[in-house]
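The letter at position 438 of the sequence shown is residue 500 when you use this note's numbering, and the numbering goes up by one with no holes.
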Amino acid sequence: MAAPSPTDRKFLGRLPLPERRYLADALRTETVGGVLLLVAAVTALAWANTPLSGSYESVSDYHLGPAALGLDLSIQHWAADGLLAIFFFVAGIELKRELVAGELRDPRAAALPVVAALCGMAAPALVYVLVNAAGNGSMDGWAVPTATDIAFALAVLAVIGTSLPSALRAFLLTLAVVDDLFAILIIAVFFTSDLDFAALGGAFAGLVLFWLLLRKGVRGWYVYVPLALVIWALMYNSGVHATIAGVAMGLMLRCTTREGESHSPGEHIEHLVRPLSAGLAVPLFALFSAGVSVSGKAIGDVFTQPVTLGVVLGLVIGKAVGIFGGTWLAARFTKAELNPDLAWPDVFAVASLAGIGFTVSLLIGELAFAGDAALTDEVKASVLIGSLIAAVLASVLLKLRVRKYQAIYEAENRDDDEDGIPDIYEEDNPEYHLRMAAIHERKAAEHRERARAAGAPRDDADRPA
Numbered sequence: 063m064a065a066p067s068p069t070d071r072k073f074l075g076r077l078p079l080p081e082r083r084y085l086a087d088a089l090r091t092e093t094v095g096g097v098l099l100l101v102a103a104v105t106a107l108a109w110a111n112t113p114l115s116g117s118y119e120s121v122s123d124y125h126l127g128p129a130a131l132g133l134d135l136s137i138q139h140w141a142a143d144g145l146l147a148i149f150f151f152v153a154g155i156e157l158k159r160e161l162v163a164g165e166l167r168d169p170r171a172a173a174l175p176v177v178a179a180l181c182g183m184a185a186p187a188l189v190y191v192l193v194n195a196a197g198n199g200s201m202d203g204w205a206v207p208t209a210t211d212i213a214f215a216l217a218v219l220a221v222i223g224t225s226l227p228s229a230l231r232a233f234l235l236t237l238a239v240v241d242d243l244f245a246i247l248i249i250a251v252f253f254t255s256d257l258d259f260a261a262l263g264g265a266f267a268g269l270v271l272f273w274l275l276l277r278k279g280v281r282g283w284y285v286y287v288p289l290a291l292v293i294w295a296l297m298y299n300s301g302v303h304a305t306i307a308g309v310a311m312g313l314m315l316r317c318t319t320r321e322g323e324s325h326s327p328g329e330h331i332e333h334l335v336r337p338l339s340a341g342l343a344v345p346l347f348a349l350f351s352a353g354v355s356v357s358g359k360a361i362g363d364v365f366t367q368p369v370t371l372g373v374v375l376g377l378v379i380g381k382a383v384g385i386f387g388g389t390w391l392a393a394r395f396t397k398a399e400l401n402p403d404l405a406w407p408d409v410f411a412v413a414s415l416a417g418i419g420f421t422v423s424l425l426i427g428e429l430a431f432a433g434d435a436a437l438t439d440e441v442k443a444s445v446l447i448g449s450l451i452a453a454v455l456a457s458v459l460l461k462l463r464v465r466k467y468q469a470i471y472e473a474e475n476r477d478d479d480e481d482g483i484p485d486i487y488e489e490d491n492p493e494y495h496l497r498m499a500a501i502h503e504r505k506a507a508e509h510r511e512r513a514r515a516a517g518a519p520r521d522d523a524d525r526p527a
């Protein structure tokens, strides 16, 4: 059976089977990574708020790397600029795949998630600006509450045990992909320091070589990994944030399949690199970025200082209202019909979950207030608290609908004919119904035999119910 085109599906309707399988594989890794991220964040907070806090600072500030190449960086700096480049490389592949083979390939189908993501970034920024305009705070942190952390959000889903329908998970993932795109643009445009054009030219030349090698079909990690490291180092020294190099290389990979291929090169590489990103790079970044001093006074300051209050309200209120409002307006004006199995409160619950802005929010907070260590720590604390509030709120809202979600989830995964394809995707396949008829006939024959064994007369045992 041919999969429906994106424009034939209802909003939050059933995904095509290949998209569903890709989503399940991607989210499985992200969920595990999200749990590790959560563990890393808790570890960082515990480490930074015990008598061992001095060792945390010592390790975070320890420098290593070749100074002659401009890479004598602290451990924390390596985590933010080096390891996160891996995270953004995967984000680049995800974005490329969504654009050529996923939910964003058709402009009409992409309108809803794109508008939702844009509103979900504009509204938190507006909330932050309004709070700081009223309180005479700094406008430098306007971008901090704009990002969504998909791994942390999935970790919350794993912890609360909500069997979220695949359409809602896909919506959340697509939101995060578009969110990452605009976060990348924000970092590139607003957090680029004085440019070194020689280094930038070298990075650009390296990217061109990377693209040419891909076009020529050259294979081998021993070619691409050293080249990627050179591109990253040149990008770092150019003044452009080094993670942009990761995104650029991810976007260059081919994410469409050719004849004889079961997976595109982009999907294959993403499958290999995603565990490294979700399981090592992002948790280590969290370990050396989330370690802030937490006390009663510090928590109180989060809710009384305009900068930190703006971040919290941006994540908790701005994200939920922005994504929900943008989605509703887009659906209203495009006349997209909501999946009848779901309701608008489900969209609001997912929008609230998107208020978890951990990884990229922490990164932007470090960039926005790089010259003020005390304010940077306060902003980090506000990101943690805002993300925690958003997680609790979303958990409550999702739990209210858990029975409905479980019923949808079970229907999506039922495979009575055990052919590896959920039955819901074979409703128009005659062979499926013939297989099911044979299965029911075998079961009927078994029950007739049991009826005879239990003493039923042969005529009664053979009579149809």
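Don't be surprised by glycine CBs; every beta carbon is placed ideally from N, CA and C.
A residue is called buried when at least 16 other Cβ atoms come within 10 angstroms of its Cβ; residue 419 meets this threshold and is buried. DSSP, reduced to helix, strand and coil, places residue 355 outside both helices and strands of the structure shown, so it counts as coil. Counting C-beta pairs with one atom in each stretch, the segment 378-392 and the segment 423-430 have fewer than three that are closer than 8 Å, which means they do not touch. In the DSSP assignment, residue 483 falls outside any alpha helix (DSSP H) and carries neither an H nor an E. Annotation for residue 241: the continuous alpha helix (DSSP H) segment containing it runs 228-252.
The three-state secondary structure of residue 135, taken from DSSP, is strand.
Contact annotation: residue 241 and residue 179 have beta-carbon atoms nearer than 9 Å. Within the same chain, Cβ atoms closer than 8 Å to the Cβ of residue 162 are found at 317 and 318, the five residues on either side in sequence being excluded.
The alpha carbon of residue 263 has as its nearest neighbour, out of 287, 247 and 296, the alpha carbon of 296.
Residue 121 and residue 166 have their alpha carbons spaced roughly 42 Å apart. Collapsing the DSSP output to three states places residue 330 in a helix.
Residue 207 is classed as buried because its beta carbon has at least 16 other beta carbons within 10 Å across all chains shown. For residue 369, same chain residues with a beta-carbon under 6 Å away, outside a window of 5 residues either side, are 199, 200 and 203 in chain order. Straight-line spacing of the CA atoms in residue 375 and residue 174 works out to 24 Å.
Around the beta carbon of residue 135, 16 or more other beta carbons lie within 10 angstroms, which makes this residue buried. Restricted to the segment 420-479, the alpha helix (DSSP H) segments that are unbroken, complete and at least 4 residues in length are 420-430, 435-461 and 464-475, listed in chain order.
Between the segment 187-194 and the segment 210-217 there are fewer than three C-beta pairs closer than 8 Å, too few to call the two in contact. Across the structure, residue 248 and residue 181 are spaced so that their CA atoms are roughly 15 Å apart.
Residue 115 holds the alpha-carbon nearest to the alpha-carbon of residue 349 among 183, 90 and 115. By the neighbour-count criterion, in which a residue is buried when 16 or more other Cβ atoms sit within 10 angstroms of its Cβ, residue 117 is exposed. About 6 Å separates the CB atoms of residue 408 and residue 463; that is less than 8 Å, so the two are in contact.
In terms of Cβ geometry, residue 138 and residue 355 do not form a close pair [threshold 9 Å].
With fewer than 16 other Cβ atoms inside 10 Å of its own Cβ, residue 366 counts as exposed. Annotation: the continuous alpha helix (DSSP H) that includes residue 160 extends over 146-162. DSSP links residue 125 through a beta bridge to 136.
From the listed residues 251, 512 and 232, the smallest Cα separation to residue 87 is found for 232. Annotation for residue 192: the continuous alpha helix (DSSP H) segment containing it runs 169-197.
Looking at the backbone, the Cα of residue 306 and that of residue 170 are separated by about 28 Å. Of the other Cβ atoms in all chains shown, 16 or more fall within 10 Å of the Cβ of residue 205; this residue is therefore buried.
Among the bridge pairs identified by DSSP, residue 400 is matched with 73.
Note that the C-beta distance between residue 290 and residue 378 is not below 9 Å. Residues 94, 95 and 98 of the same chain have their beta carbon placed closer than 7 Å to that of residue 341, with the five preceding and five following residues left out of the count. Collapsing the DSSP output to three states places residue 364 in a helix. Pairing residue 385 with residue 177, the inter-Cα distance amounts to about 8 Å. Taking C-beta atoms as the reference points, residue 401 and residue 229 count as a pair closer than 9 Å.
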